[in-house]
Amino acid sequence: MLKSAIPDRERLAAIRRVKTWTVERFSLSDDMTVSVMEVACGLPGCPPLETIVTFWTTSDSRHAFKVFKPISEVTPEDLPPSWMKRAIVSNDDDLSCC
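Each residue of the sequence shown is one higher than the one before, starting from 75 at the first, in the numbering used here.
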């Protein structure tokens, strides 16, 4: 089993921060689902850890983006600008690109 380099409390705080920034940045309501996760990437040229943020504005309208750094290092400046909300709509399950 893999163990994170940061303690669970710090990981939870980082997830909450990124979720809060996402809700604020894209003017999401409280009933909209926001998922924030850190994943390991073993592909050549890929950072060892990256953060994937996904949120739904309707039941069939999913938005997703990646930040190519560990969740503990993500800052508000790493999130896409609010005007990109329509551009980050993702209709497939493959987030291997961006």
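Glycine is no exception: its CB is placed at the ideal position from the N, C-alpha and C atoms.
Would you grab the beta carbon distance between residue i and residue j for me? Rounded to a whole angstrom, and I think it's under 8 Å.
i	j	result
V113	K93	V113 to K93, Cβ: 16 Å. No contact.
According to DSSP, simplified to helix, strand and coil, what is residue i?
i	result
R160	coil
L153	coil
S103	coil
Which first and last residues belong to the alpha helix (DSSP H) in which residue i is found?
i	result
I89	D82 to R99
Are there 16 or more other CB atoms within 10 angstroms of the CB of residue i, so buried, or fewer, so exposed?
i	result
E124	buried
A88	buried
T132	exposed
V127	buried
Do residue i and the ligand SAM come close, with the Cβ less than 7 Å from some heavy atom?
i	result
V110	As presented, the structure is devoid of all ligands, the ligand SAM included, so that no description of it is given.
Specify, as a first and last residue, the run of the beta strand (DSSP E) that residue i falls within.
i	result
V110	V108 to A114
K140	S135 to V141
L123	L123 to T132
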